[in-house]
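**Student:** In our numbering, the protein residues as written are 416 to 507. Don't be surprised by glycine CBs; every beta carbon is placed ideally from N, CA and C. Since the structure is predicted, the reported quantities are computational estimates derived from the model, not experimental observations.
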Amino acid sequence: MSTYDYIVVGAGSAGAVVANRLSASGRYTVLCLEAGVEGSNYFWSRLPVGIAKLIDNPAVNWCYRSEPDEGSGQRQIDVPRGKMLGGSSSIN
Numbered sequence: 416m417s418t419y420d421y422i423v424v425g426a427g428s429a430g431a432v433v434a435n436r437l438s439a440s441g442r443y444t445v446l447c448l449e450a451g452v453e454g455s456n457y458f459w460s461r462l463p464v465g466i467a468k469l470i471d472n473p474a475v476n477w478c479y480r481s482e483p484d485e486g487s488g489q490r491q492i493d494v495p496r497g498k499m500l501g502g503s504s505s506i507n
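1) Rounded to the nearest angstrom, what separates Ser407 and Glu453 at their Cα positions?
2) From the DSSP output, read off the bridge partner residues of Asp493.
3) Based on the DSSP secondary-structure assignment, which residues constitute the bridge partners of Gly501?
4) Helix, strand or coil for Val445, going by three-state DSSP, please let me know.
5) Taking all protein chains shown into account, decide if Leu462 is buried (16 or more other Cβ within 10 angstroms of its Cβ) or exposed.
6) Taking Asp493 as the reference, which of Tyr479, Ala450, Leu469 has the closest Cα?
7) Starting from Ile466, follow the alpha helix (DSSP H) in both directions and report where the run begins and ends.
8) Can you grab the Cα-Cα spacing for the pair Tyr443 / Ser503, in whole Å?
Now the structure itself:
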């Protein structure tokens, strides 16, 4: 069983930087965990037009929705949250 000095949950814009800075000196061992598709080469995340393929794709988006409320006319609003390397910045 491997042991780590730090475990970073989420490899989005912030988590990936934190993991890199902690491990850069070689002094600490770091495990960085991210949900979603394997690897960072998901084709549609590399193209600006890819947002249409990512926004409703549960492989790379948690597909959260808001609760209906008076201010939105009782509508539910999609709240895209990425689950891949780069986090939400990879799907927005």
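**Tutor:** Once the coordinates are examined:
1) Because the chain here runs from 416 to 507, residue 407 falls outside it and cannot be looked at.
2) Position 78 of the sequence shown, counted from the start, is the residue given in the question as residue 493. Bridge partners of Asp493: Arg480.
3) On the sequence shown, residue 501 is found 86 positions in, with the first residue counted as 1. Answer by DSSP bridge pairing, in chain order: Gly427.
4) As a first step, residue 445 must be located in the sequence shown, where it is residue number 30. Strand at Val445.
5) Residue numbering aside, residue 462 sits at position 47 when the sequence shown is read from its first letter. Exposed is the call here.
6) The residue given as residue 493 occupies position 78 in the sequence shown. Closest by alpha carbon: Tyr479.
7) The residue you call residue 466 lines up with position 51 of the sequence shown. Start and end: 466-469.
8) Looking up residue 443 in the sequence shown gives position 28. Looking up residue 503 in the sequence shown gives position 88. If I take the Cα positions, the gap works out to 27 Å.
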